[in-house]
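Report on the following structure.
Number of protein chains: 2
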Amino acid sequence: MATFMDVHSGFFGVTADQLVAAHEADLAIEKDEGVHFERAWLDPEAGKVFCLATGPSRESVMRIHDRAGHPTAEVYELTVEV
Amino acid sequence: MATFMDVHSGFFGVTADQLVAAHEADLAIEKDEGVHFERAWLDPEAGKVFCLATGPSRESVMRIHDRAGHPTAEVYELTVEV
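Protein chains in written order, with numbering that gives the first Met the number 0: chain A, 0 to 81; chain B, 0 to 81.
See the structure below:
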């Protein structure tokens, strides 16, 4: 199992409720790919969302985000953590 | 106190020891600005480092990273978290 950070851009002015709804859409289907989205952080002024996830591959993370309606190709595999 | 994610680019091939050393350089001086660097994650293939921090301002985070020798202008204020 690997750890990933993915980055979404263009989420300007997204509210807390909208972030929760997007995160719950991921959680609802994440088991299909063996992924777990642990945390998500939003900077609504910069339109950036960061998601920390575990899963078997970068593609598995991308597929869940695709199906949940917020695709991103920017997914980093985090092999070192402090 | 606010929460920030900052992103460093170009850290290709950085090792775990090097990430620890960079993080410890931040920790050694972070109190000067009232900042705390909580976690850091590295993707050595993509050359990306993500740091999660708390502090009084984006500028305070930038000043610590500058002084520690790894400046970045890419610092996001995370006003929403799930």
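Where is the CB? At the ideal position from N, CA and C, for every residue including glycine.
Quick caveat, the model's predicted, so the values are computed rather than measured.
Exercise for review: Select from the segment 55 to 80 of chain B all residues with a C-beta closer than 8 Å to any C-beta belonging to chain A, and list them in chain order.
Suggested key: Y75, E76, L77, T78, V79 and E80
Point to revise | Within chain B, the residues that A/D42 reaches when beta carbons sit closer than 8 Å | key: M4, Y75, E76, L77 and T78
Check your understanding: Buried or exposed: B/R74, going by 16 or more other Cβ atoms within 10 Å of its Cβ?
Key -> Checking the sequence, you will find Val at residue 74 of chain B rather than Arg. Counting Cβ neighbours within 10 Å, B/V74 comes out buried, since at least 16 surround it.
Exercise for review: Might you give, ordered along the chain, the residues of its own chain that have their beta carbon closer than 6 Å to the beta carbon of A/T2, omitting 5 neighbours on each side?
Suggested key: T53 and L77
Review point. CA-CA distance, A/R57 and B/G33?
Key: 36 Å
Exercise for review: Check whether the Cβ of B/H35 lies closer than 8 Å to any Cβ atom in chain A.
Suggested key: Judged by the 8 Å Cβ criterion, B/H35 is not in contact with chain A.
Review point. Are the segment 20 to 40 of chain B and the segment 17 to 36 of chain A touching, with three or more C-beta to C-beta distances below 8 Å?
Key: no
Exercise for review: Work out the CA separation of B/H64 and B/V19 for me, nearest whole Å.
Suggested key: 14 Å
Point to revise | Complete runs of the beta strand (DSSP E) confined to the segment 48 to 78 of chain A [at least 3 residues] | key: 74 to 76
Point to revise | Within-8 Å CB hit, B/F82 to chain A | key: An answer regarding residue 82 of chain B cannot be provided, because it is not within the stretch 0 to 81 covered by chain B.
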